[in-house]
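What follows is a short report on a single structure.
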Amino acid sequence: MGIFTIIALTITSMVGTGMFFGTAIGAGYAGNAVIISWIILLLISIYVAACFGELIALFPKAGGVYEFSKHAYGRFFSFIIGWVTWMMANISTTVLIVAALEYLLPPGFNMAIKIIIAIGIILLLNLVAYLGVDTSAAVLIFFATVSIAVLLAIIIPGSFHFNPGNFTPFFSFPPIAILVALFFMLEGLMGWEQASFLAEETVNPEKVIPKSLIISTIVAGLLALGVAVVSLGIIPWQSLAVSSAYISELSSLILGGVWTKVIAIGIVLTLIGSAAGGVISMPRLLLAMARDKLFIAQLAAIHPKRKTPHKAIFFQLIVSILIIIIGFGQYTVLLSMFVPLALIMYIAVIMAVPILRVKLRHAHRAFKTPFGIIGPVLVSLLYIGVVGAWLFQVPGAFSLFRLILSFVFFGLPIYLLLIFFYNPDAIVRFTNYFSRLNLWMENFLLPKKLQKEILGLFRDLKDKSVLEYGSGVGTLTLHLAEAVGPGGKVYATDLSHRNIHLLSKRLEKKKLGNVIPVHDEHQVNRVPPSVGEVDFVFSVGMMGYMQDVKKILAEMNRRLPESGRVLFIEYVNFFQFLPDAEWISDLPRLRRIFREAGFSVKIEKKYGLLWNYLLVYGIKSERDVPVI
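Counting with the numbering used here, you get residues 4 to 631 for the letters of the sequence shown.
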């Protein structure tokens with residue numbers, strides 16, 4: 004991508020509903036002084052664009068805001084900021100499409116048909132994102148051209164119908180009203196993050212993107228200010244504030260006839276184009292988070308032909324459709340949710356500038372923001388003031404803000420789940436903490452019916468040595484001890500010292516001396532070194548925790564004789580929708596991994612209520628042989 008594509012992307016992303024509806028909503032709070040709100044917004048936006056420019060030049064990666072935050076704040080806060088950005092983008096897409104259809108279709112139009120049309124638009128935009136960079140670039144340039152043409156078609160003819168008397172009096176409300184109006188107009192000049200997600204696909208991003216962001220912001224801001232001034236100069240603010248489609252009235256007054264319909268279609272295309280910017284760029288955020296194992300790992304996949312993150316695009320499509328269905332017809336509510344989420348993200352991003360100026364003071368910066376230490380602080384305080392004005396001046400704002408915060412904090416359990424899934428230290432801590440609960444729930448986690456089926460596979464183990472890789476609290480260890488008999492041996496290994504403690508107490512109570520409990524907190528990366536040669540390897544619930552599966556299987560192979568048996572049981576499809584580790588969910592790949600480690604295996608799935616069970620059993624063999 005080059006400079007024109009990035010400018011097109013930024014303009015289409017910035018020309019949002021605020022340009023066409025923000026002035027009317029803002030006029031209801033500030034009257035003619037809404038013009039001051041637009042001027043403040045333009046100046047702030049140029050500075051924020053420069054902040055984004057510095058950060059993108061420093062980290063020209065696909066993750067964009069997530070990438071900046073990772074270096075400035077660390078993994079947890081970068082995840083939260085990425086999570087907020089992704090939610091914000093999905094709400095923004097819904098806001099734009101809802102606004103476009105509300106503008107295009109007559110009042111009272113069938114809601115179900117509106118939703119179907121909206122879903123059709125979402126499908127089309129995601130198809131464009133899937134087809135690749137060239138198609139996306141062409142679409143973005145088209146929408147940017149339409150956006151500029153529509154705004155100029157209002158500003159230029161409208162200036163000939165301008166009535167300066169409409170601006171008297173200019174101040175009809177207290178000064179705080181300017182900030183309240185600004186809250187509802189902020190969405191009109193937002194969208195710099197969209198360019199940040201395409202940095203990896205941009206030629207010379209360190210120079211192209213900062214320049215593109217500033218040019219785009221100035222162009223979009225002046226166009227927005229021009230539309231606001233012309234609108235108030237033709238329609239008094241009292242009438243503008245109660246108009247649901249003042250741009251239609253405006254175009255009818257200044258152009259009339261067929262041109263009114265042309266402008267209406269142009270506005271609809273502009274709003275859809277703004278939605279397109281987010282749809283095309285946002286999957287790159289999911290891609291970057293998935294690469295760092297802070298989102299579903301499967302979403303990091305790149306289509307071999309299209310070179311697009313196709314799985315992330317499909318995931319985004321499903322979520323967007325759900326939000327469309329839930330939020331359709333709630334424009335003001337959605338906008339009130341979008342703006343605080345956006346400001347949380349923007350404050351975090353611009354504050355990364357002074358933080359990284361300190362943390363990476365010697366790093367080369369191809370572009371530097373002026374006043375890089377104090378400027379972001381002042382803009383952040385202004386953003387906080389805008390949200391505060393909204394909270395205290397608009398009825399119901401506090402309850403809506405609590406809902407917004409609940410969305411933000413919903414990311415916390417998701418983060419913990421991902422950390423537990425991928426971080427060995429977290430796995431050990433979690434397993435230790437819940438060891439007693441595992442003991443109480445062992446027959447629920449591994450139902451007795453399945454236990455009996457597993458026990459049927461413990462044949463011919465008398466006087467044999469067994470490795471139980473991940474014994475837990477000993478749910479099946481006692482059965483293994485009985486199966487091998489006094490002349491056999493069971494190495495019961497686990498990464499949790501509390502699990503091993505509970506197992507040892509159970510063994511002592513049963514007076515079983517043929518089990519050797521082994522605690523190894525590094526078990527997710529190896530077979531404990533104290534384990535000797537064995538005839539059978541058995542494991543329940545450990546595959547998903549293996550950080551180096553090929554190394555672990557190789558170590559097991561070395562301890563087994565030819566035709567030595569293995570049996571792995573793994574919990575999969577938690578709650579029937581949570582994804583598993585990528586290498587486990589791809590069954591042909593899973594079988595290949597075992598084969599490359601010297602095992603011939605058969606894979607079966609047993610279905611449960613809240614999760615399913617994956618059984619992998621077979622033998623050590625030099626050749627790939629069928630397993631019965």
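For each residue, glycine too, the CB sits at the ideal point set by N, CA and C. Since this is a predicted model, take the numbers as computed values, not measurements.
Subject >> Per-residue DSSP class, three states only, for ASN93 >> reply: Against the sequence shown, residue 93 aligns to sequence position 90. Here ASN93 sits in helix by DSSP.
Subject >> Element boundaries [beta strand (DSSP E), containing TYR616] >> reply: Numbered from 1 along the sequence shown, position 613 holds the residue referred to as residue 616. Note, TYR616: beta strand (DSSP E), 615-623.
**OP:** Just grab the DSSP bridge partners of GLU607 for me.
**Re:** On the sequence shown, position 604 is the one that residue 607 refers to. BP columns for GLU607 point to LEU618.
**OP:** For my contact list, GLY378 and SER199 are in at a C-beta cut-off of 8 Å; report their separation, rounded to the angstrom.
**Re:** Sequence index remark: in the sequence shown, residue 378 carries index 375 (1-based). Sequence index remark: in the sequence shown, residue 199 carries index 196 (1-based). The pair is not a contact, with the Cβ atoms about 19 Å apart (cut-off 8 Å).
Original post:
So what does DSSP say about GLU565, is it helix, strand or coil?
Top reply: Taking the sequence shown and counting its residues from 1, one reaches residue 565 at position 562. DSSP places GLU565 in coil when its eight states are reduced to three.
**OP:** Identify the continuous beta strand (DSSP E) that holds TYR472 and give its terminal residues.
**Re:** Numbered from its first residue, the sequence shown carries residue 472 at position 469. Element bounds for TYR472: 468-472.
Subject >> Element boundaries [alpha helix (DSSP H), containing LYS73] >> reply: Position 70 of the sequence shown holds residue 73. LYS73 -> alpha helix (DSSP H) spans 68-76.
**OP:** Use the C-beta contact count for HIS365: other C-beta atoms within 10 angstroms, 16 or more gives buried, fewer gives exposed.
**Re:** Taking the first residue of the sequence shown as position 1, residue 365 is located at position 362. Classification for HIS365: exposed.
Original post:
Can at least three beta-carbon pairs, one atom from the segment 74-90 and one from the segment 349-361, be found at a separation below 8 Å?
Top reply: yes
Original post:
Run through DSSP, which three-state label would PRO520 get?
Top reply: As a first step, residue 520 is located in the sequence shown; it is residue number 517 there, counting from the start. Reduced to three states, the DSSP call for PRO520 is strand.
Subject >> Local Cβ density within 10 Å of SER277, reported as buried at 16 or more and exposed below that >> reply: If you number the sequence shown from 1, residue 277 lands on position 274. Buried, since its Cβ has 16 or more Cβ neighbours within 10 Å.
Original post:
Is the distance from the Cβ of LEU107 to the Cβ of VAL232 below 8 Å?
Top reply: Taking the first residue of the sequence shown as 1, we reach residue 107 at position 104. Taking the first residue of the sequence shown as 1, we reach residue 232 at position 229. Cβ distance not < 8 Å, so LEU107 and VAL232 don't count as in contact.
Subject >> Cutoff 8 Å; reference SER474; Cβ partners in own chain excluding five residues on either side >> reply: Counting from 1 along the sequence shown, the entry for residue 474 is found at position 471. The residues are THR480, ALA495, THR496, ASP497, ASN502, ILE503, LEU506, PRO520.
**OP:** Below 6 Å CB to CB, which residues in the same chain sit around GLU196 once its five sequence neighbours on both sides are set aside?
**Re:** Residue numbering aside, residue 196 sits at position 193 when the sequence shown is read from its first letter. Counting only Cβ-Cβ distances below 6 Å, and skipping sequence neighbours, we find GLY67, VAL68.
Original post:
Are the Cβ atoms of ILE9 and SER215 separated by less than 8 Å?
Top reply: For the purposes of this step, residue 9 is taken as the residue at position 6 of the sequence shown. For the purposes of this step, residue 215 is taken as the residue at position 212 of the sequence shown. Contact flag set, yes.
Original post:
For the alpha helix (DSSP H) that TYR548 lies in, which residues bound it at each end?
Top reply: Position 545 of the sequence shown holds residue 548. Counting along the chain, TYR548 falls outside any alpha helix (DSSP H), and DSSP gives it neither H nor E.
**OP:** Count the other CB atoms, across all protein chains shown, that sit within 10 Å of the CB of VAL261; report buried if there are 16 or more and exposed otherwise.
**Re:** Here the question's residue 261 lines up with position 258 in the sequence shown. The residue in question, VAL261, is exposed, as its Cβ has fewer than 16 Cβ neighbours within 10 Å.
**OP:** Give the straight-line distance between the Cα atoms of LYS64 and GLU70, rounded to the nearest whole angstrom.
**Re:** In the sequence shown, the residue the question calls residue 64 occupies position 61. In the sequence shown, the residue the question calls residue 70 occupies position 67. Distance between the alpha carbons of LYS64 and GLU70: 7 Å.
Original post:
Closest by CA to LYS465, which one among LEU453, ILE457, LEU483?
Top reply: Position 462 of the sequence shown, counting from 1, holds the residue named residue 465. When only C-alpha atoms are compared, the closest one is LEU483.
Subject >> Touching by the beta-carbon criterion (3+ pairs, under 8 Å), the segment 212-229 and the segment 39-52 >> reply: Yes: at least three Cβ pairs fall under 8 Å.
Subject >> Within the segment 229-291, ranges of the alpha helix (DSSP H) (whole runs, at least 4 residues) >> reply: Within the segment 229-291, the runs of alpha helix (DSSP H) at least 4 residues long that lie entirely inside it are, in chain order, 240-244, 249-257.
Subject >> Which listed residue (PHE404, GLN526, GLY567) has its alpha carbon closest to that of LYS467 >> reply: The residue labelled residue 467 in the question sits at position 464 within the sequence shown. For the residues PHE404, GLN526, GLY567, the minimum Cα distance to LYS467 belongs to GLY567.
Original post:
If we ignore side chains and look at the alpha-carbon of each, how far apart do GLY111 and LEU297 end up?
Top reply: Taking the sequence shown and counting its residues from 1, the one referred to as residue 111 is at position 108. Taking the sequence shown and counting its residues from 1, the one referred to as residue 297 is at position 294. Each residue's alpha carbon lies about 44 Å from the other.
Original post:
From this set, ALA53, TYR610, THR97, which residue's C-alpha is nearest GLY280's C-alpha?
Top reply: Residue numbering aside, residue 280 sits at position 277 when the sequence shown is read from its first letter. For the residues ALA53, TYR610, THR97, the minimum Cα distance to GLY280 belongs to THR97.
**OP:** State buried or exposed for GLN241, treating a residue as buried only when at least 16 other CB atoms are found within 10 Å of its CB.
**Re:** Walking along the sequence shown from the start, residue 241 turns up at place 238. With fewer than 16 Cβ atoms within 10 Å of its Cβ, GLN241 is classed as exposed.
**OP:** Using a threshold of 8 Å, state whether the C-beta atoms of LYS314 and GLY135 are closer than that.
**Re:** As a first step, residue 314 is located in the sequence shown; it is residue number 311 there, counting from the start. As a first step, residue 135 is located in the sequence shown; it is residue number 132 there, counting from the start. Cβ distance not < 8 Å, so LYS314 and GLY135 don't count as in contact.
Original post:
Considering THR15, what are the terminal residues of the alpha helix (DSSP H) in which it resides?
Top reply: Here residue 15 refers to the residue found at position 12 when the sequence shown is read from its first residue. Its alpha helix (DSSP H) spans residues 6-17.
**OP:** To the nearest angstrom, report how far apart ALA345 and ILE622 are at their CA atoms.
**Re:** Working through the sequence shown from its first residue, we reach residue 345 at position 342. Working through the sequence shown from its first residue, we reach residue 622 at position 619. Going by the C-alpha atoms only, they are around 55 Å apart.
**OP:** Check whether the Cβ atoms of VAL390 and CYS54 lie closer than 8 Å to each other.
**Re:** As a position in the sequence shown, residue 390 is number 387, starting the count at 1. As a position in the sequence shown, residue 54 is number 51, starting the count at 1. A distance of 8 Å or more separates the beta carbons of VAL390 and CYS54.
Original post:
Which two residues bound the contiguous alpha helix (DSSP H) that contains VAL183?
Top reply: The residue you call residue 183 lines up with position 180 of the sequence shown. Unbroken alpha helix (DSSP H) run through VAL183: 179-188.
Subject >> Which listed residue (LEU126, LEU590, LYS609) has its alpha carbon closest to that of VAL322 >> reply: Within the sequence shown, numbered from 1, the residue matching residue 322 stands at position 319. Checking every option, the nearest Cα to that of VAL322 belongs to LEU126.
Original post:
Where does ILE657 sit, in a helix, a strand or coil, going by DSSP?
Top reply: The question about residue 657 has no answer, for the chain in this structure spans 4 to 631.
Subject >> Contact the segment 528-545 vs the segment 507-518: 3+ CB pairs below 8 Å >> reply: no
**OP:** Kindly identify the DSSP beta-bridge partner or partners of ALA315.
**Re:** As a first step, residue 315 is located in the sequence shown; it is residue number 312 there, counting from the start. Paired residue(s): none; ALA315 is not in a bridge.
Original post:
Out of TYR610, PRO109, ILE119, which has the shortest C-alpha to C-alpha gap to LEU331?
Top reply: Counting from one through the sequence shown, the residue named residue 331 turns up at place 328. A small fix is needed here, since residue 331 is Phe in this sequence, not Leu. The shortest C-alpha separation from PHE331 is found at ILE119.
Subject >> As assigned by DSSP and simplified to three states, the class of PHE541 >> reply: In the sequence shown, the residue the question calls residue 541 occupies position 538. In the structure shown, PHE541 sits in a strand (DSSP, three-state: E or B).
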